[in-house]
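2 protein chains.
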Amino acid sequence: MRQKKDLPHAFRRTAKSMAASFRVSKKDLTTRARLGRLVTAHGVVETPAFMPVGTQGTVKAMLPRDLKEMGCQILLGNTYHLYLRPGAELIRDLGGLHRFMSWDGPILTDSGGYQVFSLGAMRKLSEQGVRFQSHLDGSSHLVTPENVVQIQEALGSDIAMVLDECIPHDANRDYVRDSTERTIRWAERCLRTRRRTDQLMFGIIQGGMYRDLREKCVQEMNPMAFDGFAVGGLGVGEGEELLQSIAAFTVGLLPEDRPRYLMGVGRPEDIVSAVSAGFDLFDCVLPTRNARNGTLFTSAGKITIKRAEFADDPRPLDEACDCYCCRNFSRAYLRHLYMAGEILSSQLNSLHNLYFYHRLMERCREAIRQEHTDFWSRETGATFSQSV
Amino acid sequence: MRQKKDLPHAFRRTAKSMAASFRVSKKDLTTRARLGRLVTAHGVVETPAFMPVGTQGTVKAMLPRDLKEMGCQILLGNTYHLYLRPGAELIRDLGGLHRFMSWDGPILTDSGGYQVFSLGAMRKLSEQGVRFQSHLDGSSHLVTPENVVQIQEALGSDIAMVLDECIPHDANRDYVRDSTERTIRWAERCLRTRRRTDQLMFGIIQGGMYRDLREKCVQEMNPMAFDGFAVGGLGVGEGEELLQSIAAFTVGLLPEDRPRYLMGVGRPEDIVSAVSAGFDLFDCVLPTRNARNGTLFTSAGKITIKRAEFADDPRPLDEACDCYCCRNFSRAYLRHLYMAGEILSSQLNSLHNLYFYHRLMERCREAIRQEHTDFWSRETGATFSQSV
Numbered sequence: 016m017r018q019k020k021d022l023p024h025a026f027r028r029t030a031k032s033m034a035a036s037f038r039v040s041k042k043d044l045t046t047r048a049r050l051g052r053l054v055t056a057h058g059v060v061e062t063p064a065f066m067p068v069g070t071q072g073t074v075k076a077m078l079p080r081d082l083k084e085m086g087c088q089i090l091l092g093n094t095y096h097l098y099l100r101p102g103a104e105l106i107r108d109l110g111g112l113h114r115f116m117s118w119d120g121p122i123l124t125d126s127g128g129y130q131v132f133s134l135g136a137m138r139k140l141s142e143q144g145v146r147f148q149s150h151l152d153g154s155s156h157l158v159t160p161e162n163v164v165q166i167q168e169a170l171g172s173d174i175a176m177v178l179d180e181c182i183p184h185d186a187n188r189d190y191v192r193d194s195t196e197r198t199i200r201w202a203e204r205c206l207r208t209r210r211r212t213d214q215l216m217f218g219i220i221q222g223g224m225y226r227d228l229r230e231k232c233v234q235e236m237n238p239m240a241f242d243g244f245a246v247g248g249l250g251v252g253e254g255e256e257l258l259q260s261i262a263a264f265t266v267g268l269l270p271e272d273r274p275r276y277l278m279g280v281g282r283p284e285d286i287v288s289a290v291s292a293g294f295d296l297f298d299c300v301l302p303t304r305n306a307r308n309g310t311l312f313t314s315a316g317k318i319t320i321k322r323a324e325f326a327d328d329p330r331p332l333d334e335a336c337d338c339y340c341c342r343n344f345s346r347a348y349l350r351h352l353y354m355a356g357e358i359l360s361s362q363l364n365s366l367h368n369l370y371f372y373h374r375l376m377e378r379c380r381e382a383i384r385q386e387h388t389d390f391w392s393r394e395t396g397a398t399f400s401q402s403v
Numbered sequence: 016m017r018q019k020k021d022l023p024h025a026f027r028r029t030a031k032s033m034a035a036s037f038r039v040s041k042k043d044l045t046t047r048a049r050l051g052r053l054v055t056a057h058g059v060v061e062t063p064a065f066m067p068v069g070t071q072g073t074v075k076a077m078l079p080r081d082l083k084e085m086g087c088q089i090l091l092g093n094t095y096h097l098y099l100r101p102g103a104e105l106i107r108d109l110g111g112l113h114r115f116m117s118w119d120g121p122i123l124t125d126s127g128g129y130q131v132f133s134l135g136a137m138r139k140l141s142e143q144g145v146r147f148q149s150h151l152d153g154s155s156h157l158v159t160p161e162n163v164v165q166i167q168e169a170l171g172s173d174i175a176m177v178l179d180e181c182i183p184h185d186a187n188r189d190y191v192r193d194s195t196e197r198t199i200r201w202a203e204r205c206l207r208t209r210r211r212t213d214q215l216m217f218g219i220i221q222g223g224m225y226r227d228l229r230e231k232c233v234q235e236m237n238p239m240a241f242d243g244f245a246v247g248g249l250g251v252g253e254g255e256e257l258l259q260s261i262a263a264f265t266v267g268l269l270p271e272d273r274p275r276y277l278m279g280v281g282r283p284e285d286i287v288s289a290v291s292a293g294f295d296l297f298d299c300v301l302p303t304r305n306a307r308n309g310t311l312f313t314s315a316g317k318i319t320i321k322r323a324e325f326a327d328d329p330r331p332l333d334e335a336c337d338c339y340c341c342r343n344f345s346r347a348y349l350r351h352l353y354m355a356g357e358i359l360s361s362q363l364n365s366l367h368n369l370y371f372y373h374r375l376m377e378r379c380r381e382a383i384r385q386e387h388t389d390f391w392s393r394e395t396g397a398t399f400s401q402s403v
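Chains A and B, in that order, are what the protein sequence lines are.
Its first residue numbered 16, the first sequence is counted upward by one per residue in the numbering used here.
Its first residue numbered 16, the second sequence is counted upward by one per residue in the numbering used here.
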């Protein structure tokens, strides 16, 4: 791997270069969970926090007003999708992504790498970047470490992510080693491209399922002037056990004074477990995608709303929930909307599932603050894996 | 036609039987428009009023909260759809339609007749009623004047409609005469079936495009103890001129002291014109259906949001509108949502179009109250027929 001396001083982490965008305010007594404050150009994020995914400039089926009202602090925007449609320059010319989607809170944008590898066709990977064909119209595009930064600067997000290669979980060691080294070189190129001073930038730790490669990746990236680190390449089919162990191992290597983001994870119990391992930020399509498919999270487990048993059930989805959906509608009504294919089904279900995730994060923060040491084992236990 | 003496006293209109559910508070100076108050079991409706259509127990893509917030006073529910799915008994057992859909304001239900004639397959019409096959699963059903009242009583709406035959606009005179006579006999059977005292019932005037048949229908139904009258069989392809002239002719025959409802009409200019002719209540799927198709009403005419010219248009949909959509989003964003097939497109567009309709009704009421005599010709003029 590269020598640290190769990295010019300007892109090395120094006390001065790291304006205190993140501060840990309290550590949990029995786990590695921590309470933090992440300061961005559009406001503060109290961590641990969940970021709803706003793929195409909208969190599907949600008014920004309702996200705000449920305590949502920060959204994730997908650079790949916004770049292809409606285009980053257009969004920039219209005043940036915040104004475009009418969300005045913090936004994190991914680099688009994940979608290039999962949605793009005819991918051709080189040191320069990745050439791919749009899933929308087949047009050819090149993403590079440089242009993903430029695109994210055009979008004007509060936190930009570096370009990384998303490695299949079963890739062999040689491939993972080469890919991870390239991801590190790309990360440095991202830092060099950076121009905006009002946008934080997070590095991404890769290394697949190999602990020594994860370790090397952290060693290389730690000195770089990133405002935070994400752990990538997990939740891609490697299984629960490997996900948990690699995530916990990797987060333990990361500096304490910068936010740690576990990308694309996941289920409520995975998130609580990752918080207890020391992660601060999360995103996942699960609450919104499940909502549209009629799978709903409740304090008593998951509910598949289309099941016949709910046809005449007058109870709210979750007796313990005080979201707009649970305060106003019965399971029977929600089942009816789902069976009838009504748009309101997606609206109410998304509202509830996101509310559930935000209350979960609130309870994580409360557990650290109030030293509820029994919270962690209880919430990662059997509750979530039950299905009603 | 039938003799008035056939109608038993209990079903005849008397001063006593007509508790003052409707009162005209002011008449317009130059037109037949009037301001009224319609009192229902779930609150007062200030007329003229527009009723958004809640086909399957939901106004498509709208939270009840947002309907309330925009000043929506009364909803329309479709008996045909609710009867087939999820079923009227189920809704009754869950506490009625209001609780089911979490709308505590007034609800008018139609009889289902219109959908039986437009959606049902293999229809067989007899004196008893109409046998038809469900558009959902082909199952066979019989609607009669008696059971449409029972179904609406089970739903618990505030205003029930009688069963009528919806006649094609080009039906010949003999057919229209026979059908209208049957509709009158059905109306009487509806009144006889009525049990709830907290539900108003409106008769429906048919008669096709024949003025003398419309007149006879009014003569027959006027003595009946209906709380209001609807004019049906218009807006079914007969053309703008015939619609306006038959509507204006028929409304002029109706008693002054009961609310007058023009069913299924329509475009903003049609509604203003019908208000000036003396109608009080309206329903139409146009604002919500158009919204989902990307056709939006503005003070400067209709907008087709998918048009390329809006791709980079930073202006709100309607500069003169202060709805949530126009206060927060650009035309460029709304176009993007539409092109990307996002659910939020239907949500924001529906919100705007319904807001537009409600402001229009508010302006109608204001014009009568404040004696803005130039309002009527201005609003039924060229404005609405322009497309941007």
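We put the CB at the ideal spot given by N, CA and C, even for glycine.
In this chain, the alpha helix (DSSP H) harbouring L206/B covers R188 to T208.
Bounds of the alpha helix (DSSP H) holding Y95/B are T94 to L99. Ranked by Cα distance from P121/B, the first of E142/B, R138/B, F65/B and Q71/B is F65/B. V251/B: not part of any beta strand (DSSP E); DSSP gives it neither H nor E. Closest in alpha carbon position to D337/A, among Y348/A, D327/A and L369/A, is L369/A. Under the three-state reduction of DSSP, L349/A is assigned to helix.
Within the segment 306 to 391 of chain A, the complete beta strand (DSSP E) segments at least 3 residues long are 310 to 313 and 316 to 319, listed from N- to C-terminus. As a beta-bridge residue in DSSP terms, Y276/A pairs with A245/A and L296/A. Judged by pairs of C-beta atoms under 8 Å, the segment 308 to 318 of chain B does not touch the segment 102 to 109 of chain B, as fewer than three such pairs exist. When T212/B, Q148/B and Q385/B are compared, the shortest CA-CA separation from S172/B is found for T212/B. Under the DSSP definition of a beta bridge, K41/A partners with L50/A. Taken in chain order, the members of the segment 324 to 336 of chain A whose beta-carbon sits within less than 8 Å of a beta-carbon on chain B are A326, D327 and P329. The way I'd put it, the segment 199 to 209 of chain B doesn't touch the segment 242 to 257 of chain B; fewer than three beta-carbon pairs between them come closer than 8 Å.
For chain A, the residues of the segment 113 to 131 of chain B that bring a beta carbon within less than 9 Å of one of its beta carbons are R114, F115, M116 and S117, in chain order.
D108/A belongs to the set of residues whose beta carbon lies under 8 Å from a beta carbon in chain B. Against chain B, the CB of H367/A has no partner CB under 8 Å away; the residue lies outside that interface. Residue-level contact check: G72/B touches chain A, since one or more beta carbons of chain A fall below 8 Å from its beta carbon.
Distance between S360/A and G86/A, taken at the CA atoms: about 22 Å. Contact annotation for A76/B against chain A: I358, L359 and Q362 [CB-CB distance below 8 Å, chain order]. Following the DSSP letters along the chain, one finds R282/B in no alpha helix (DSSP H), marked with neither H nor E. Flagged as an interface residue toward chain B: N343/A, by a C-beta distance shorter than 8 Å.
At a cut-off of 8 Å between beta-carbon atoms, L105/A makes contact with chain B. By the Cβ test, the segment 348 to 360 of chain A is not in contact with the segment 127 to 145 of chain B, since fewer than three Cβ pairs between them sit closer than 8 Å. At least one C-beta of chain A is nearer than 8 Å to the C-beta of L352/B. Only residues of its own chain outside the window of five on either side were considered, and among them Q259 and T395 have a CB closer than 7 Å to the CB of S288/B, listed in chain order. According to DSSP, V158/B shares a beta bridge with V145/B.
Boundaries for V233/A: no beta strand (DSSP E) harbours it, while the alpha helix (DSSP H) harbouring it runs R226 to M236, taken from the DSSP string.
By the Cβ criterion, the segment 108 to 116 of chain B is not in contact with the segment 136 to 147 of chain B, since fewer than three pairs of Cβ atoms, one from each stretch, lie closer than 8 Å. A residue is called buried when at least 16 other Cβ atoms come within 10 angstroms of its Cβ; P302/B meets this threshold and is buried.
Judged by beta-carbon spacing, G72/B lies within the 8 Å limit of H351/A, meaning their Cβ atoms are closer than that value.
Counting along the chain, G58/A sits inside the beta strand (DSSP E) bounded by residues G58 to T62. T303/A sits in a helix when the DSSP states are folded into three classes. Secondary structure at V68/A: strand, using DSSP grouped into helix, strand and coil.
The distance from the Cβ of G222/B to that of R229/B is about 4 Å, consistent with a contact at the 8 Å cut-off.
Proximity of R322/A to chain B, defined by a Cβ-Cβ separation below 8 Å, is not satisfied. Exposure of K139/B is indicated by the presence of fewer than 16 other C-beta atoms within 10 angstroms of its C-beta.
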